[in-house]
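Enquirer:
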Amino acid sequence: MLQHPCILFRRGGFPERWDAAVITNADITLYNHKYNKNTRLDDWQRTVIRGVHFYEDNKVSAGDKGLYSAKFCKIRIPEDVECDREYIPEDEYFAAVDVSQYWTLQEGDIVVRGVCNIEIEKPADLKSLHVKYYKINSWADNRFGGQPHWRIGGE
Numbered sequence: 098m099l100q101h102p103c104i105l106f107r108r109g110g111f112p113e114r115w116d117a118a119v120i121t122n123a124d125i126t127l128y129n130h131k132y133n134k135n136t137r138l139d140d141w142q143r144t145v146i147r148g149v150h151f152y153e154d155n156k157v158s159a160g161d162k163g164l165y166s167a168k169f170c171k172i173r174i175p176e177d178v179e180c181d182r183e184y185i186p187e188d189e190y191f192a193a194v195d196v197s198q199y200w201t202l203q204e205g206d207i208v209v210r211g212v213c214n215i216e217i218e219k220p221a222d223l224k225s226l227h228v229k230y231y232k233i234n235s236w237a238d239n240r241f242g243g244q245p246h247w248r249i250g251g252e
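Here it is in C-alpha cells:
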C-alpha cells in the first residue's frame with residue numbers, strides 16, 4: 098500500500114499550537130458524471146487523485162431475517178492534492194462545455210480505491226469487471242482552518 102507522510106508544522110510561531118496536514122494513505126480514481134443531452138445518458142470522466150486519506154468501514158446489523166452488512170468509505174482529499182485536473186464546484190462543472198481539465202464532487206459520482214485505468218460508460222462496467230467501487234452519497238468542502246480538505250462519504 099502506498100504510504101504518504103504526515104507533515105506537522107508550527108502555526109503562527111506559537112510552539113503550543115501545531116497544525117497537521119491530512120494523513121494520506123491511498124490514491125483514488127474518481128468518476129464524475131455529467132448528463133449528455135445528445136445521448137440522453139451520463140458521460141463519465143475518470144480522474145486519478147494521488148495522496149488522499151481513505152478509510153473503509155464495515156457495518157453489520159441484526160434484523161428479522163439475519164445479519165446485514167454494508168461497506169462504507171470516508172475519504173479526505175487535501176486541498177493541495179496531486180492531480181492533473183483542477184477542482185471546480187458542482188454548478189460550474191455542469192455549466193462548463195468542456196470538463197476535460199476539471200473535476201468536481203457531486204452525489205452519485207463513483208470512487209475506486211487506487212489507480213483504475215478503466216474508462217466507463219456506466220458504473221455497471223466496473224461491476225462487471227469485479228472492481229470494488231463506492232457511490233458518493235455525501236461530501237463537504239472543508240477548505241478552511243488548519244487542515245483544508247474535501248470530505249467524501251460513500252457506500
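Reminder that position 127 of the sequence shown reads as 224 in the working numbering, one-by-one numbering, no gaps. No residue lacks a Cβ here, since even glycine has one placed at the ideal position from N, Cα and C.
Let me know if T201 comes out buried or exposed under the rule of 16 or more other beta-carbons within 10 Å of its beta-carbon.
Expert: T201 is buried by the Cβ-count criterion.
Enquirer: To the nearest angstrom, report how far apart P175 and G163 are at their CA atoms.
Expert: So the two alpha carbons sit approximately 40 Å from each other.
Enquirer: Tell me whether the beta-carbon of N239 lies closer than 7 Å to the beta-carbon of G250.
Expert: Cβ atoms of N239 and G250: not closer than 7 Å.
Enquirer: Closest to Q198 by C-alpha separation, out of Y190, H246, N133, would be which residue?
Expert: Closest option to Q198, Cα to Cα, is Y190.
Enquirer: If I measure Cβ to Cβ from G205 and keep anything under 7 Å in the same chain, skipping five residues before and after, which residues do I get?
Expert: Counting only Cβ-Cβ distances below 7 Å, and skipping sequence neighbours, we find H130, K232, I233.
Enquirer: The alpha helix (DSSP H) that contains K222, what's its start and end?
Expert: For the sequence presented, residue 222 should be read as Asp rather than Lys. First-last of the alpha helix (DSSP H) with D222: 221–225.
Enquirer: Within 10 angstroms of the Cβ of I215, are there 16 or more other Cβ atoms? Answer buried if so, exposed if not.
Expert: Its Cβ having fewer than 16 others within 10 Å, I215 is exposed.
Enquirer: Can you grab the Cα-Cα spacing for the pair N122 / G243, in whole Å?
Expert: Those two C-alpha atoms are separated by around 19 Å.
Enquirer: Just to confirm, is the Cβ distance from F169 to R210 under 7 Å?
Expert: Against a cut-off of 7 Å, the Cβ pair of R210 and F169 comes out as no contact.
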